[in-house]
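Number of protein chains: 2
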Amino acid sequence: MGAGETRDRIVATADELFYASGFDSTSFADIADAVKISRGNFYYHFKTKDEILHAVIARRGAERRAMMERWESEGANPRDRIGRFIDILIVNQPKIMAHGCPIGTLCAELAKLDHAQHDEAAGLFTLFRDWLRTQFEKAGCGDASDDLAMHLLMRSQGVASLVNAFGDQDFVRREVEAMHAWLDARIGEAG
Amino acid sequence: MGAGETRDRIVATADELFYASGFDSTSFADIADAVKISRGNFYYHFKTKDEILHAVIARRGAERRAMMERWESEGANPRDRIGRFIDILIVNQPKIMAHGCPIGTLCAELAKLDHAQHDEAAGLFTLFRDWLRTQFEKAGCGDASDDLAMHLLMRSQGVASLVNAFGDQDFVRREVEAMHAWLDARIGEAG
DNA sequence: GTCTATACCATGATAGAC
DNA sequence: GTCTATCATGGTATAGAC
Numbered sequence: 040m041g042a043g044e045t046r047d048r049i050v051a052t053a054d055e056l057f058y059a060s061g062f063d064s065t066s067f068a069d070i071a072d073a074v075k076i077s078r079g080n081f082y083y084h085f086k087t088k089d090e091i092l093h094a095v096i097a098r099r100g101a102e103r104r105a106m107m108e109r110w111e112s113e114g115a116n117p118r119d120r121i122g123r124f125i126d127i128l129i130v131n132q133p134k135i136m137a138h139g140c141p142i143g144t145l146c147a148e149l150a151k152l153d154h155a156q157h158d159e160a161a162g163l164f165t166l167f168r169d170w171l172r173t174q175f176e177k178a179g180c181g182d183a184s185d186d187l188a189m190h191l192l193m194r195s196q197g198v199a200s201l202v203n204a205f206g207d208q209d210f211v212r213r214e215v216e217a218m219h220a221w222l223d224a225r226i227g228e229a230g
Numbered sequence: 040m041g042a043g044e045t046r047d048r049i050v051a052t053a054d055e056l057f058y059a060s061g062f063d064s065t066s067f068a069d070i071a072d073a074v075k076i077s078r079g080n081f082y083y084h085f086k087t088k089d090e091i092l093h094a095v096i097a098r099r100g101a102e103r104r105a106m107m108e109r110w111e112s113e114g115a116n117p118r119d120r121i122g123r124f125i126d127i128l129i130v131n132q133p134k135i136m137a138h139g140c141p142i143g144t145l146c147a148e149l150a151k152l153d154h155a156q157h158d159e160a161a162g163l164f165t166l167f168r169d170w171l172r173t174q175f176e177k178a179g180c181g182d183a184s185d186d187l188a189m190h191l192l193m194r195s196q197g198v199a200s201l202v203n204a205f206g207d208q209d210f211v212r213r214e215v216e217a218m219h220a221w222l223d224a225r226i227g228e229a230g
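Line order of the protein sequences matches chains A and B. Take the first sequence: its letters are residues 40 to 230, numbered as in this note's numbering. Take the second sequence: its letters are residues 40 to 230, numbered as in this note's numbering.
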């Protein structure tokens, strides 16, 4: 097994465990056990916990960039593409209900830990913010585009937070519908 | 110094530390040091970490109940009272920017820890939800009242999450204004 | 590249003196 | 009710054999 392959498996596993159990609460032993390698071998690939956090954030960024590129090519117009963003709340509902938003909960945890990589994690939000802003601009929203992007991000975070606390599927459906209605009012059916 | 007084100081200090640094990351030693008692004495008052978490959640609940009673007596009408809830985002902005929403971040952390007291923490959200629902009912919103309460809670959580990540004051001001406008559209200036 | 063994420290928790 | 001393556990991290 090549070093790169093992490294990838470590990062993918750490990503899942950080999401499900939190960064601080996930130990090297947890990750090593899940990957089925020894703790000693683990340290061959990553010297510190911050190093693996950095790799996990980079992985999450790459995944989201790829996702937005898919939306870009599959969506016929800005409205449909932004709709795909809103629908994350439906597509990933079970995971969000169990563990919250992967980006929001990581940022919140790193803020409390006063962690140097907090801003790096917040950069994952920026990926969505910039992409959404571009879509709104393409739809002709001009200077308001960034505010609209932030507003959508905000609602997405709020819904994720409350479904994680209350576990109410109907609430999610209602709010996703309201977000689509809000979007139509600002962009129109044509996009 | 009476036992009750020391206990209160422990709970108040734990409350702050849990908020600023997270539940899991705050150790008994951290709390004991801040209260200026020995670790041994600490265990006279609280046997386990779950016990002190329980006390902290109870304290947060009592504080919020008292706050809502103040709003109830000071606000001339439901609209003004609900406005006080929205304005938390302004009044507590520095703390929220640094550490997020005390309730939202605690719920999120306990969810990741699979902690037995997660639902108890989510009950703090319910306090606001029920109080807001009652205000909307008094304003004549009928069956929609609970949905409106959840919608406001959602936006409050979303703003808290993003200001914690981005540290953007202007964003908060904009969204708080938008929440007031949303409220006026649903209840009207008279309340 | 992978393993075992181990050093070292912080943590939650206990025992017992005062 | 408060203290010091102590323990067991689990965490990060390292050394060195294979």
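Glycine residues also receive a C-beta, built at the ideal position from the N, C-alpha and C atoms.
Practice task
Rank A/Val211, A/Ala224, A/Gly227 by C-alpha distance to the C-alpha of A/Asp126 and give the top, closest one.
Solution key: For the purposes of this step, residue 126 of chain A is identified with residue 87 of the first sequence, where counting begins at 1. Selected option, being the one with the closest Cα: A/Val211.
Handout entry: Nearest-angstrom Cα separation, counted from A/Ile96 out to B/Ala59
Key = Reading the second sequence from its first residue, position 20 is the one you call residue 59 of chain B. Reading the first sequence from its first residue, position 57 is the one you call residue 96 of chain A. Straight-line Cα distance between these residues: approximately 23 Å.
Problem - Short-range partners of chain B found in the stretch 195-212 of chain A, where Cβ spacing is below 9 Å - result: Ser195, Gln196, Gly197, Val198, Ala199, Ser200, Leu201, Asn203, Ala204, Phe205, Gly206, Asp207, Phe210
Handout entry: Contact between the stretch 133-152 of chain B and the stretch 50-68 of chain B (3+ Cβ pairs under 8 Å)
Key = yes
Exercise for the section: Please specify which runs of the beta strand (DSSP E), each continuous and at least 3 residues long, are wholly inside the stretch 99-123 of chain A, giving them in chain order. Expected result: none
Practice task
Kindly indicate the opening and closing residues of the alpha helix (DSSP H) around A/His219.
Solution key: Position 180 of the first sequence, counting from 1, holds the residue named residue 219 of chain A. Start and end: 208-226.
Exercise for the section: Counting only the same chain and skipping the five closest in sequence on each side, list residues whose C-beta sits under 6 Å from that of A/Phe85. Expected result: Indexing the first sequence from 1 puts residue 85 of chain A at position 46. Around A/Phe85: Ile91.
Exercise for the section: Take B/Ile70 and list the residues in its own chain whose beta-carbon comes closer than 8 Å to its own, dropping the five residues that flank it on each side. Expected result: Translated into positions along the second sequence, residue 70 of chain B becomes position 31. Counting only Cβ-Cβ distances below 8 Å, and skipping sequence neighbours, we find Ile49, Thr52, Ala53, Leu56, Phe81, Ile91.
Problem - Contacts of A/Pro192 in chain B (Cβ-Cβ under 7 Å) - result: One-based indexing of the first sequence puts residue 192 of chain A at position 153. At residue 192 of chain A the sequence reads Leu, which differs from the Pro that was named. Here the neighbours are Leu201.
Practice task
Evaluate the contact criterion for the stretch 151-158 of chain A versus the stretch 165-172 of chain B: three or more CB pairs, one atom per stretch, below 8 Å.
Solution key: no
Exercise for the section: Determine the direct distance from the alpha carbon of B/Lys88 to that of B/Glu214, and round the result to whole angstroms. Expected result: Reading the second sequence from its first residue, position 175 is the one you call residue 214 of chain B. Reading the second sequence from its first residue, position 49 is the one you call residue 88 of chain B. Their backbone Cα atoms lie some 37 Å apart in a straight line.
Practice task
Give a yes or no on whether 8 Å exceeds the smallest Cβ distance from A/Thr173 to chain B.
Solution key: Start at 1 with the first residue of the first sequence, and residue 173 of chain A comes out as number 134. No, no contact with chain B.
Exercise for the section: Could you tell me whether the Cβ atoms of A/Ile226 and A/Pro117 are closer together than 8 Å? Expected result: Stepping through the first sequence from its first residue, residue 226 of chain A is reached at position 187. Stepping through the first sequence from its first residue, residue 117 of chain A is reached at position 78. In this structure, A/Pro117 lies closer than 8 Å to A/Ile226 by Cβ.
Handout entry: Beta-carbon proximity check, A/Arg123 vs A/Trp110, cutoff 8 Å
Key = Taking the first sequence and counting its residues from 1, the one referred to as residue 123 of chain A is at position 84. Taking the first sequence and counting its residues from 1, the one referred to as residue 110 of chain A is at position 71. Yes, the Cβ-Cβ distance between A/Arg123 and A/Trp110 is below 8 Å.
Exercise for the section: Return the residue from the list B/His93, B/Val74, B/Ile129, B/His219 that minimises the CA-CA distance to B/Phe232. Expected result: In the structure as shown, chain B begins at 40 and stops at 230. Residue 232 of chain B is therefore absent and cannot be evaluated.
Exercise for the section: Please list the segments of the beta strand (DSSP E) lying wholly inside the stretch 148-194 of chain A, counting only runs of 3 or more residues, in order along the chain. Expected result: With a minimum length of 3 residues, no continuous beta strand (DSSP E) run stays inside the stretch 148-194 of chain A.
Practice task
With 8 Å as the C-beta to C-beta threshold (strictly closer), list the residues of the stretch 52-76 of chain A near chain B in chain order.
Solution key: Of all residues in the stretch 52-76 of chain A, only Ala59, Ser60, Gly61, Asp63, Ser64 come within less than 8 Å of chain B when Cβ atoms are compared, listed by chain position.
Exercise for the section: Under 8 Å Cβ to Cβ from A/Gln196, same chain only, skipping five residues before and after it: list those, please. Expected result: To locate residue 196 of chain A, count along the first sequence from 1; it is residue 157. Cβ neighbours of A/Gln196 beyond the five flanking positions: Cys140, Gly143.
Practice task
Measure from the C-beta of A/Thr87 to each C-beta in chain B and report whether the shortest distance is under 8 Å.
Solution key: As a position in the first sequence, residue 87 of chain A is number 48, starting the count at 1. So, not an interface residue.
Practice task
Between the Cα of B/Trp221 and those of B/Gln208, B/Gly206, B/Leu191, B/Val202, spot the shortest distance and give me the residue it belongs to.
Solution key: Your numbering for residue 221 of chain B matches position 182 in the second sequence. Answer by Cα proximity: B/Leu191.
Problem - From B/Ile121, B/Asn203, B/Arg120, B/Phe164, residue whose alpha carbon lies closest to that of A/Ala161 - result: Looking up residue 161 of chain A in the first sequence gives position 122. For the residues B/Ile121, B/Asn203, B/Arg120, B/Phe164, the minimum Cα distance to A/Ala161 belongs to B/Asn203.
Exercise for the section: Pull up the distance between the alpha-carbon of B/Ser66 and that of A/His219, whole angstroms please. Expected result: Stepping through the second sequence from its first residue, residue 66 of chain B is reached at position 27. Stepping through the first sequence from its first residue, residue 219 of chain A is reached at position 180. Approximately 44 Å between the Cα atoms of the pair.
Practice task
Locate the alpha helix (DSSP H) running through A/Gly79, then write down its first and last residues.
Solution key: Along the first sequence, read from residue 1 onward, the residue named residue 79 of chain A stands at position 40. That run of the alpha helix (DSSP H) goes 78-84.
Problem - Neighbour-count burial assignment, B/Ile129, 16 or more Cβ in a 10 Å radius - result: Taking the first residue of the second sequence as position 1, residue 129 of chain B is located at position 90. That one is exposed.
Practice task
Return no unless some Cβ of chain A is closer than 8 Å to the Cβ of B/Leu222.
Solution key: Numbered from its first residue, the second sequence carries residue 222 of chain B at position 183. It does not; no Cβ of chain A falls within 8 Å.
Problem - Spatial distance of B/Ser64 from A/Ala150 (CA atoms) - result: For this step, residue 64 of chain B is matched to residue 25 along the second sequence. For this step, residue 150 of chain A is matched to residue 111 along the first sequence. Cα to Cα, B/Ser64 sits roughly 12 Å from A/Ala150.
Handout entry: Proximity winner among B/Phe205, B/Gly181, B/Met189, relative to A/Gly206 (alpha-carbon distances)
Key = On the first sequence, position 167 is the one that residue 206 of chain A refers to. Per the Cα distances, B/Met189.
Practice task
Using a Cβ cut-off of 7 Å, pull out every chain A residue sitting near B/Gly181, in sequence order please.
Solution key: As a first step, residue 181 of chain B must be located in the second sequence, where it is residue number 142. Residues of chain A passing the Cβ test: none, with the nearest at roughly 16 Å.
Handout entry: B/Val198 versus B/Cys180: straight-line alpha-carbon distance, rounded
Key = Residue mapping note: residue 198 of chain B aligns to position 159 of the second sequence, counting from 1. Residue mapping note: residue 180 of chain B aligns to position 141 of the second sequence, counting from 1. In this model, B/Val198 and B/Cys180 are separated by some 24 Å (Cα to Cα).
Handout entry: For B/Phe62, three-class secondary structure by DSSP
Key = Position 23 of the second sequence, counting from 1, holds the residue named residue 62 of chain B. In the structure shown, B/Phe62 sits in coil (DSSP, three-state: anything other than H, G, I, E or B).
Exercise for the section: State yes or no: is the C-beta of B/Leu201 within less than 8 Å of the C-beta of A/Met107? Expected result: As a working note, residue 201 of chain B is residue 162 in the second sequence. As a working note, residue 107 of chain A is residue 68 in the first sequence. Their beta carbons are not under 8 Å apart, which means B/Leu201 does not touch A/Met107 by this criterion.
Problem - Residue interval of the alpha helix (DSSP H) (run including A/Lys134) - result: Taking the first sequence and counting its residues from 1, one reaches residue 134 of chain A at position 95. Going by DSSP, A/Lys134 is part of the alpha helix (DSSP H) stretching over 132-138.
Problem - Neighbourhood of B/Ser77 by C-beta distance below 8 Å, restricted to the same chain and skipping five residues each side - result: As a first step, residue 77 of chain B is located in the second sequence; it is residue number 38 there, counting from the start. The answer, listed in chain order, is Ala71.
Problem - From B/Glu176, B/Glu159, B/Ile121, residue whose alpha carbon lies closest to that of B/Asp223 - result: By 1-based counting over the second sequence, the position of residue 223 of chain B is 184. Nearest C-alpha to B/Asp223: B/Ile121.
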